[in-house]
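Numbered according to the numbering used here, the sequence shown terminates at residue 317, and the numbering increases by one at each position without gaps.
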Amino acid sequence: MNKSDFNPRNIAVFASGSGSNAENIINYFNNESRPGFVALVVANRADAPVLDRARKLGVPAVVVSRDEFSDQRLMFDLMDRYSIDIVVLAGFLLMIPGFLIERYRGRMVNIHPSLLPKYGGKGMYGRRVHEAVVAAGETRSGITIHLVDEEYDRGEIIFQADVDIDGNDTPESVESKVRGLEQRHFARVIDETFFR
Ligand code: GRF
């Protein structure tokens with residue numbers, strides 16, 4: 122696609138958990154006059170704290186069950202209803218169906234809390250990533266922001282940032298360092314990738 126033909130505006134954030142990244146992205150885009158706007162949050166669990174966070178910030182937040190998520194017509198209707206151009210995965214734990222990957226190819230990003238290709242792939246999410254990093258005696262970890270394609274955690278890397286880890290670090294302290302990187306970089310990288 123010619124870049125000049127592509128004028129994205131609306132972002133959907135897909136999240137399953139606490140939603141600190143979703144909140145940060147909403148604050149970045151929706152409170153300033155930026156070309157991008159978070160128009161929808163999608164969660165796969167009704168008890169995900171991200172739903173409350175989004176609604177408090179005035180962003181529609183919907184729950185989509187696992188079955189609904191794999192229903193092409195339902196998902197395309199939902200994306201159309203909010204005119205979604207860009208999909209951001211921020212701690213979203215369901216496998217993305219092929220029809221969504223296809224439709225949002227080059228327009229869907231994920232954040233992973235390690236320096237991919239290390240500590241990625243099936244089962245590597247949340248605290249488990251940081252436990253594995255500490256158990257292996259790594260001296261660095263960080264974040265990877267990448268495009269989503271059919272290969273889990275393997276899409277084209279857009280951005281990485283790292284932090285030092287020392288012998289005193291625990292999975293908890295590594296997680297907190299990595300979350301600091303997420304807060305510092307994720308929204309800005311989305312902006313620079315799709316809206317500049
Ligand atoms: C983040 O660490 C992100 O990198 C990972 O899942 C976590 C989501 O955290 N993919 P939150 O729900 O945004 O607070």
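For glycine and all other residues, C-beta sits at the position ideal for the given N, C-alpha and C.
- For Ser262, the secondary structure class from DSSP, reduced to helix, strand or coil, is strand.
- Taking the C-beta atoms as reference points, Ala182 is found nearer than 8 Å to Arg176.
- For Ile207, the enclosing beta strand (DSSP E) covers residues 205-210.
- In the DSSP annotation of this structure, the continuous segment of the beta strand (DSSP E) that includes Val162 starts and ends at 158-164.
- Secondary structure note for Val183: its beta strand (DSSP E) is the uninterrupted segment 182-184.
- For the set Ala211, Ser294, Val250, the Cα lying nearest the Cα of Leu268 is the one of Ala211.
- In its chain, beyond the 5 residues on either side, Phe158, Val159, Leu178, Gly179, Val180 have a beta carbon closer than 8 Å to the beta carbon of Asn151.
- With fewer than 16 other Cβ atoms from the protein chains shown falling within 10 Å of its own Cβ, Phe127 counts as exposed.
- Here DSSP, grouped into helix, strand and coil, assigns Val230 to strand.
- DSSP places Phe315 in the uninterrupted alpha helix (DSSP H) bounded by 292-315.
- Burial check for Gly219: the Cβ neighbour count within 10 Å stays below 16, so the residue is exposed.
- Asp198 and Val171 have their C-alpha atoms some 22 Å from each other.
- Ranked by how close their Cα comes to the Cα of Gly227, the residues Gly241, Ala256, Asp270, Arg194 have Asp270 in first place.
- Asn131 sits in a strand when the DSSP states are folded into three classes.
- Restricting attention to Ile278, Glu296, Gly276, Arg130, the CA atom closest to the CA of Arg261 is found in Glu296.
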